[in-house]
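Protein chains: 2
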Amino acid sequence: MASNMFLYWGTGSVPCWKAMIALEEKGFGGYPNQLISFDNEENKADYVTKLNPRGQVPAFKDGDIVVNESWAICDYLERRYGNQGTQLIPSDIKEQANVLQRMYEIFNVENTVLKELAYYYMFDTTDENRDETVLKERYEMGRTELLIWEGYMQKMGSGAFIASKTFSMADVYFFPYLAFFVRLGLNLSKFPALSEYYNRVKDRASVKASWPPHWLKEPSKNNFMSHV
Amino acid sequence: MASNMFLYWGTGSVPCWKAMIALEEKGFGGYPNQLISFDNEENKADYVTKLNPRGQVPAFKDGDIVVNESWAICDYLERRYGNQGTQLIPSDIKEQANVLQRMYEIFNVENTVLKELAYYYMFDTTDENRDETVLKERYEMGRTELLIWEGYMQKMGSGAFIASKTFSMADVYFFPYLAFFVRLGLNLSKFPALSEYYNRVKDRASVKASWPPHWLKEPSKNNFMSHV
Numbered sequence: 001m002a003s004n005m006f007l008y009w010g011t012g013s014v015p016c017w018k019a020m021i022a023l024e025e026k027g028f029g030g031y032p033n034q035l036i037s038f039d040n041e042e043n044k045a046d047y048v049t050k051l052n053p054r055g056q057v058p059a060f061k062d063g064d065i066v067v068n069e070s071w072a073i074c075d076y077l078e079r080r081y082g083n084q085g086t087q088l089i090p091s092d093i094k095e096q097a098n099v100l101q102r103m104y105e106i107f108n109v110e111n112t113v114l115k116e117l118a119y120y121y122m123f124d125t126t127d128e129n130r131d132e133t134v135l136k137e138r139y140e141m142g143r144t145e146l147l148i149w150e151g152y153m154q155k156m157g158s159g160a161f162i163a164s165k166t167f168s169m170a171d172v173y174f175f176p177y178l179a180f181f182v183r184l185g186l187n188l189s190k191f192p193a194l195s196e197y198y199n200r201v202k203d204r205a206s207v208k209a210s211w212p213p214h215w216l217k218e219p220s221k222n223n224f225m226s227h228v
Numbered sequence: 001m002a003s004n005m006f007l008y009w010g011t012g013s014v015p016c017w018k019a020m021i022a023l024e025e026k027g028f029g030g031y032p033n034q035l036i037s038f039d040n041e042e043n044k045a046d047y048v049t050k051l052n053p054r055g056q057v058p059a060f061k062d063g064d065i066v067v068n069e070s071w072a073i074c075d076y077l078e079r080r081y082g083n084q085g086t087q088l089i090p091s092d093i094k095e096q097a098n099v100l101q102r103m104y105e106i107f108n109v110e111n112t113v114l115k116e117l118a119y120y121y122m123f124d125t126t127d128e129n130r131d132e133t134v135l136k137e138r139y140e141m142g143r144t145e146l147l148i149w150e151g152y153m154q155k156m157g158s159g160a161f162i163a164s165k166t167f168s169m170a171d172v173y174f175f176p177y178l179a180f181f182v183r184l185g186l187n188l189s190k191f192p193a194l195s196e197y198y199n200r201v202k203d204r205a206s207v208k209a210s211w212p213p214h215w216l217k218e219p220s221k222n223n224f225m226s227h228v
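One line per chain: the protein sequences are D and A, in this order.
Residues in the first sequence are numbered from 1 upward in steps of one, following UniProt numbering.
Residues in the second sequence are numbered from 1 upward in steps of one, following UniProt numbering.
This is the structure we're talking about:
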């Protein structure tokens, strides 16, 4: 029951958003929760570390069961509450295999686009220490990776989702990355199938209900993804 | 059926080993396979990219179903062949939640110990470019991370596994990292519960059958993990 659940989360965190979309899709909208501030390091506060000794969010409990890693929360919710809300892992074996493949293939997006480009080379590197040649390579790597997903979406066809005809766990995992890149300036006109997908999924009830609140209030200070 | 399966794999690859332990545990020992050479870049050969356009291994098919990412292969095998061989995701809700939590918590081992320390700072950094202070920090981070797992194992108790009383998917995911660190010189006497675990699991049939063949033939050229 949602009333036995509790989630600590941070706004704009891709892992938190994944867990929150899954909670909405499984019909737990309105679950008790607390937004914590990364700026004030509230993720290291006692009440968070009591649930997650690593001091990371999402930190989640369902009654006396504690699950913290975002992937584990999503996996747990679908396994325990499979018959409730949206079925996020299809029953059909072929469709299921494709969803599983895309769910974990998202590591490539995480490593190439989010980490190597956005985090390590933009957020964590000062302007003086940024080499134009390396930067171009990372933009190119990011573009190559996103074009792979553009290809998947083109193959799925208009009206479908990233890995199956219906909304699945692969969308729960993929959409928050895509939306983050759009916020950082990604020009979706270069990715027409992803553009159609983005504009459709952003209006989905579970996604709207969990949209990072500070994104609604203030634009991003960064738009470097426009070079991808 | 194992005879419809095919796996391309590389020796000493943690992701490949995970998939191979899962295949053995599910009772598919003897599945058709081909060892590819990373040195000869055989992972970029046509016959691999036909299955996995990314040119990465493991690349796996089961009849006409293709699944490539190691996590996806393990997840697929357990979902499709749940009633066969070892049950890798426990049915009991509490035990299941703990297994899921540890399965994905392994990202911390991957990021902190394997990537930040071993890959980025040892294999990919030349001796001249290595800063002693940073190196000490990374050893310390690696030690802190492995002590978390030492704590989990101590709590599970002697004879148990990393996340449950019986061997689970969390062991399939965790053991190859631990064995790789031991090969790179990790001194297990600093981690007594993990030491007992390592010595027991290394003799498990699925693990022995899939042990990286080149590890048996030649010792590692590196032992930097002894500083952790």
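For every residue, glycine included, the Cβ atom is placed at its ideal position computed from N, Cα and C.
Note that the structure is predicted; figures quoted are calculated from it, not measured.
Since residue i contacts residue j with CB under 8 Å, what's their CB separation in whole angstroms?
i	j	result
A/E25	A/S206	5 Å
D/N52	D/A59	4 Å
D/W71	A/Y104	4 Å
A/F6	A/K61	5 Å
D/Q101	A/N68	6 Å
D/S228	D/L188	Looking at the sequence shown, residue 228 of chain D is not Ser but Val. That belief does not hold up - the Cβ atoms of D/V228 and D/L188 are roughly 11 Å apart, past 8 Å.
D/R130	D/Y120	In fact, because the Cβ distance is near 11 Å, the residues do not count as touching under 8 Å.
A/S210	A/M20	4 Å
D/L135	D/F191	So it is not a contact: roughly 20 Å between Cβ atoms.
Considering only DSSP beta bridges, list what residue i is partnered with.
i	result
A/A59	A/Y8
D/Q34	D/Y8
A/I89	In DSSP, A/I89 forms no bridge with anything.
residue 245 of chain D	Residue coverage of chain D in this structure runs from 1 to 228, which leaves residue 245 of chain D outside it and unanswerable.
For residue i, which of the options has the nearest alpha-carbon?
i	options	result
A/H214	A/L7, A/F224, A/W17 and A/S91	A/W17
D/L84	D/G29, D/R130 and D/D127	The sequence shown places Gln at residue 84 of chain D, not Leu. That would be D/G29, whose Cα lies nearest to the Cα of D/Q84.
D/F181	D/S3, D/T125, D/L216 and D/L114	D/L114
A/L216	A/F224, A/F191, A/A193 and A/A179	A/A179
D/Q56	D/D64, D/I65 and D/L35	D/L35
D/N98	D/K155, D/R54 and D/K208	D/K155
D/D92	D/T166, D/L135 and D/P212	D/T166
A/G12	A/Y31, A/P32, A/A2 and A/D39	A/D39
residue 236 of chain A	A/H227, A/V134 and A/V172	The question about residue 236 of chain A has no answer, for chain A in this structure spans 1 to 228.
A/K94	D/H227, D/R79 and D/Y121	D/R79
A/F74	A/W149, A/A170, A/T133 and A/G63	One point to set straight first is that residue 74 of chain A is Cys, not Phe, in the sequence displayed. Looking at the Cα atoms, A/A170 is the closest of the given residues.
A/G151	A/S195, A/P212, A/V48 and A/R200	A/S195
A/N4	A/G63, A/R54, A/T49 and A/D127	A/G63
D/E110	D/F175, D/K208, D/F161 and D/D127	D/F175
A/R54	D/T144, D/T49, D/S168 and D/E128	D/T144
D/R204	D/F191, D/L186 and D/F161	D/F161
A/F107	D/K136, D/D127, D/E41 and D/P15	D/P15
D/I148	D/D127, D/T126, D/N33 and D/A193	D/A193
What does a CB cutoff of less than 7 Å around residue i pick up in its chain, not counting 5 residues either side in sequence?
i	result
D/E218	none
D/Q96	I89 and P90
D/A2	F28, G30 and Y31
D/S158	E196
A/Y81	K26
D/T126	none
Within a Cβ cutoff of 6 Å, which residues of the same chain sit near residue i, ignoring the five residues on either side of it in sequence?
i	result
A/L117	R138 and G142
D/V66	L51
residue 231 of chain A	Any answer about residue 231 of chain A is impossible in this case: the structure gives chain A only from 1 up to 228.
D/Y197	M153
A/Y47	none
Report all residues from its chain with a CB closer than 8 Å to the CB of residue i; omit the five preceding and five following residues, and keep chain order.
i	result
D/L184	A118, S220, N222, N223, F224 and M225
D/E132	none
D/G10	C16, L35, I36, S37, F38, N43 and V57
D/T49	G55
A/E41	none
A/Y177	V14, I106, V109, E110, V113 and L114
Taking only heavy atoms of the ligand PLP into account, decide whether any of them is closer than 7 Å to the Cβ of residue i.
i	result
A/V113	With respect to small molecules bound, the structure shown includes none, and the ligand PLP cannot be examined in it.
Answer with yes or no whether the minimum CB distance from residue i to chain B is below 8 Å.
i	result
D/I65	Chain labels in this structure do not include chain B; the protein chains are D and A.
Residues from the stretch 95-124 of chain A in contact with chain D, defined by Cβ distance under 8 Å: Q96, A97, L100, Q101, M103, Y104, E105, F107 and N108
Chain A contacts from the stretch 67-82 of chain D (Cβ-Cβ distance under 7 Å): V67, N68, E69, W71, A72, D75, Y76, R79 and R80
Positions along the stretch 11-36 of chain D whose CB lies within less than 9 Å of some CB in chain A: none
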